[in-house]
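Below is one structure; the comments refer to it alone.
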Amino acid sequence: LDFAMEYFDKTDADPDQWTVIFKKSLYKAICDHVFAIDENAKLFKGDIFDDKVKRYRELNDKYMELAKAELYAIMASRAPNFSTEASKNSEPGILMKNIRSNGRGTSIRKIFDSIPNLLPRLCPCMLMSPMSVAQYLTLTDKPQFDITIFDEASQMPTSDAVGSIARSENVVITGDPKQMPPTSFFSSQQTDEENIDVEDLESILDDALALNFNSKNLLFHYRSKHESLITFSNHEYYDNSLLTFPSPDNRISKVTFEKVDGYYDKGKTRRNPAEAKAVVDEIERRLSDPELSKRSIGVVTFSIVQQQLIDDMIQDLFTKKPELEAIAMNGEEPLFCKNLENVQGDERDVILFSVGYGPDENGKVSMNFGPLNQKGGERRLNVAVSRARYEMKIFSTLTADMIDTNRTSAVGVEGLKKFLAFAQHGASAIKGNISNNGNEIAKDLAKELKAMGYDADVQVGCSGFKIDVAVCDPNDKNRYVLAILTDSNDPSRIKTARDREICQPSVLKMLGWKIMKVWSIDWMNNKDAVLEKVASAIENAKNPVELEPEKKKIEIEMEEVAPEAMSTGLFSDPNAIQKQVYKPLDITQYGSGAGDFTNPKNAANIKAQIEQVIEAEAPILADYLQKRVLSAWGISRISNAVAQAYGDIIGKVDAITTCSNEMLVFWRPDQIPANYKAFRTDDTRECNEIPSVEYQNAIKYVLQTEMALPFEDLKKSTSKHLGFARMGDKVLKNIETAMLHLVNTNQITERDGKVVLVQ
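In my numbering, the protein residues as written are 9 to 767.
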């Protein structure tokens with residue numbers, strides 16, 4: 009290390025910094041070495057890579073749209089064609105009969121029972137409550153659904169869920185164990201919420217977690233359009249594991265506290281009139297403002313009596329000013345007023361929160377906050393404080409310092425104290441809510457920007473996801489104008505390319521951010537050029553950022569598909585049977601009579617004729633093939649010489665042969681007999697001139713279109729589709745033989761007196 013000591017000896021560097029200087033020089037030399045020998049690093053250009061990322065996003069969007077279009081087409085192709093006449097005993101026939109009669113005299117349950125195969129084709133996805141499942145779907149030995157998905161499973165008692173689970177092969181249970189469990193609150197006849205005995209029931213989600221089902225945590229949080237709205241819940245109940253996204257105005261909290269000068273009427277009405285008036289006044293103010301009224305409003309209270317008081321006052325307001333009622337109730341999301349027991353699942357742009365509880369007329373504060381004092385009270389609080397998208401305003405006569413946690417052990421009450429402190433004082437009231445210092449490039453970039461006169465913060469955000477550098481608006485220090493993301497090794501960023509390059513940036517854009525990416529190689533190779541680009545981006549983004557409009561639907565270039573294309577298998581699954589028309593080949597004439605046929609000079613022409621017929625008409629029975637060729641030579645009676653000549657030639661023909669019901673069948677060389685999914689209808693061939701495979705496919709075609717039929721109806725419908733005007737004994741025998749083969753090979757079966765396909 010003489011070279012290092014020589015450098016320090018000739019400079020005035022502080023000896024305390026020698027180690028730092030040496031390490032920095034060493035690491036810089038390593039970087040330069042890697043850039044020199046690694047082709048990817050040597051050729052890397054941020055602009056080129058940005059274009060590649062942009063192309064990836066475009067392809068992903070197009071792929072998503074194509075996937076939806078394909079899914080729609082597949083689902084549509086599986087639905088039967090109701091424009092054709094169906095047997096009255098088939099499932100389409102039963103459904104059409106009930107449609108024409110408006111279901112008169114038939115219950116929905118009976119209709120569903122009558123069309124068990126048609127129903128999942130018409131409605132591959134059914135949205136039902138557990139009560140509806142029990143009411144409309146009969147429990148059978150065979151599962152009726154491939155998968156059942158439970159939403160808000162934390163509120164569903166296991167006893168309500170088992171009926172739906174029993175009707176499905178698989179189950180997905182989604183819910184939040186930190187939110188409301190099923191409760192006996194509304195089944196109680198008591199009205200004293202402070203002393204009510206609330207029993208939290210076991211949910212299907214709790215039982216699934218207890219049984220160690222395979223689980224997956226969904227960590228992205230989208231509802232809150234401002235991070236402060238979810239910060240308290242994320243810190244208090246989710247161990248800061250949710251990936252929440254900061255907003256351009258992240259420096260100001262959207263959770264605000266308004267101290268109300270009033271009291272809680274504990275001994276009598278158990279209401280807080282002052283808070284109720286403050287809430288209704290705020291509603292009136294917002295609805296009267298053209299801009300504020302664009303945001304939907306929800307009111308949440310801790311108690312039913314407070315909810316009822318506010319509800320009554322809102323109705324009084326609307327009676328006096330009906331124009332406000334029209335604004336509040338006629339939008340996409342009408343105003344609601346609910347208590348914390350029934351607000352789960354609801355959300356609004358703005359939530360006005362009335363605590364209700366507080367000091368009484370004498371200034372005494374009881375530590376009884378109704379259901380919050382019960383076991384699971386923290387879940388109720390979590391639900392109540394996480395309903396807002398853009399803003400939450402708390403109206404309260406109670407402040408955090410009035411709650412004495414030494415007088416109660418309820419976790420829910422302790423959470424209320426912390427929440428009120430958060431609302432009053434912001435994120436600083438949450439212990440441990442300290443962000444790290446960020447990566448070195450982010451710190452260097454922020455330092456350079458400040459030297460250029462821009463105010464910038466590092467590691468902006470309250471969760472695991474943070475913006476590396478956020479540049480403040482020179483005209484409004486409470487707002488950021490640009491988010492700069494680096495290619496850091498932040499665990500919240502590097503899991504998948506789709507999360508990193510599509511999902512996370514799209515959420516930030518939805519929140520109103522202008523985003524740019526700074527690549528570490530660009531920064532190390534040409535810092536000045538990067539700073540110039542950043543400065544240009546800041547200047548372009550100084551105007552207030554509007555929320556990104558709804559993404560326009562991507563137009564997919566697809567050929568127009570005619571309605572009949574659905575029934576011809578263009579989008580159908582590989583097992584769909586195709587109905588075709590038999591077209592006999594017009595055979596070329598080379599001669600006439602047995603003499604010409606047996607002449608060795610014509611052997612090549614006869615072989616060509618046989619191959620042409622096979623090419624055009626396969627699959628074809630050997631006897632019918634012989635009949636077709638000999639007819640072209642005018643031969644109706646087969647002599648030994650003709651038979652000998654034909655036998656010599658047919659043995660040299662290039663074709664595939666199979667044997668079905670002791671009859672030889674010829675196929676084209678390119679055909680795979682096991683994969684043949686068609687039959688042909690015509691009035692040319694006799695019933696014994698049709699291969700058995702076509703009878704089998706005709707039977708399956710009827711069952712695919714009509715789902716299930718009694719044996720006799722199935723025979724009649726099959727005969728009709730094959731083109732026979734009447735079903736004689738020979739036709740019946742061929743159909744029954746084909747049905748027997750399908751039964752023996754487990755392709756069809758009988759169920760409840762009807763024949764169905766084996767899925």
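C-beta atoms are modelled at their ideal positions from N, C-alpha and C, and glycine is treated no differently.
No experiment lies behind these values; they were computed from the predicted model shown.
Residue i versus residue j: straight-line alpha-carbon distance, rounded
i    : j    : result
T576 : I658 : The predicted model places T576 with a pLDDT of 41, which falls under 50 and marks its position as unreliable; any figure quoted below should be read in that light. Taking the straight line joining both Cα atoms gives about 34 Å.
I442 : T405 : Note on I442: pLDDT 49, under 50, position unreliable in the model; the coordinate value appears next. The straight-line gap from Cα to Cα measures roughly 30 Å.
C470 : F43  : 35 Å
T309 : T114 : 45 Å
V421 : L348 : 14 Å
N110 : D319 : 41 Å
K451 : K76  : 43 Å
L490 : S496 : 18 Å
N225 : P681 : 48 Å
E99  : A716 : 6 Å
I502 : R508 : 6 Å
K105 : N338 : 39 Å
A624 : S647 : 27 Å
L79  : E66  : 20 Å
G183 : L219 : 15 Å
A174 : R108 : 33 Å
K587 : N754 : 22 Å
N742 : N696 : 8 Å
K329 : E292 : 9 Å
G599 : Y684 : 35 Å
V268 : A284 : 10 Å
W26  : F11  : 13 Å
K346 : G306 : 8 Å
N613 : C131 : 56 Å
Q767 : D215 : 32 Å
V763 : T757 : 6 Å
E331 : E340 : 17 Å
F30  : D22  : 12 Å
Integer-rounded CB distance, given that residue j should sit under 8 Å from residue i
i    : j    : result
P88  : L126 : 7 Å
P254 : V468 : 5 Å
E290 : K401 : 7 Å
E210 : T156 : Not confirmed; about 19 Å, so no contact.
P367 : M410 : 7 Å
R388 : M188 : 6 Å
F403 : F361 : 7 Å
L748 : K723 : Not really, about 12 Å apart at Cβ, beyond 8 Å.
P185 : L147 : Rounded, the Cβ-Cβ distance is 29 Å, inconsistent with contact.
A408 : A429 : 4 Å
Sequence-distant residues of the same chain with beta carbon closer than 8 Å to residue i, five excluded per side
i    : result
M281 : With the sequence shown as reference, residue 281 is identified as Pro, and Met is not the correct amino acid for it. Closer than 8 Å at Cβ, skipping near neighbours: G270, D273, L317.
N258 : H234, E235, S236, V468, G469, A478, Y488
I643 : G601, A602, F605, V650
V515 : F228, Y230, F253
C511 : F228
E565 : Note that E565 scores 49 on pLDDT, short of 50, meaning its location in the model is unreliable and no value can be drawn from it.
Cβ shell of residue i (< 7 Å), same chain only, five flanking positions each side left out
i    : result
E299 : none
A49  : V42, F43, I529
L593 : Q620, V621, A624, E625
D412 : M375
Sequence-distant residues of the same chain with beta carbon closer than 6 Å to residue i, five excluded per side
i    : result
E177 : P151, D154
A336 : L295, L343
S122 : I102
V141 : G171, S172
Y144 : I116, R117, F120
F579 : Note that F579 scores 47 on pLDDT, short of 50, meaning its location in the model is unreliable; the coordinates nonetheless yield the value given after this. Hits under 6 Å: A81, I82, S85.
S725 : S95, V710
Inset, instruction - Determine contact between the segment 388-400 and the segment 355-371, defined as no fewer than three beta-carbon pairs at a distance below 8 Å. - result: yes
Legend entry - Given 8 Å, three or more beta-carbon pairs between the segment 728-748 and the segment 704-720: yes
Inset, instruction - Could you say if the segment 668-675 and the segment 625-634 meet the contact criterion of at least three C-beta pairs nearer than 8 Å? - result: yes
Inset, instruction - For the segment 525-532 and the segment 52-60, state whether three or more C-beta atom pairs, one from each stretch, are separated by less than 8 Å. - result: yes
Inset, instruction - Starting from the N-terminal side, write out each stretch of the alpha helix (DSSP H) that is 4 residues or longer and does not extend beyond the segment 79-148. - result: 99-108, 116-122, 126-130, 138-144
Inset, instruction - With a floor of 3 residues, list each beta strand (DSSP E) that falls wholly inside the segment 318-384, ordered by position along the chain. - result: 344-347, 356-362
Legend entry - 4-residue-minimum alpha helix (DSSP H) runs that sit fully inside the segment 679-744, ordered along the chain: 700-714, 719-729
Inset, instruction - Any chance you could list the alpha helix (DSSP H) runs of at least 4 consecutive residues sitting entirely within the segment 580-646, in chain order? - result: 601-606, 611-625, 630-640
Inset, instruction - May I have a chain-ordered list of the alpha helix (DSSP H) segments no shorter than 4 residues that lie completely inside the segment 413-501? - result: 419-433, 448-459
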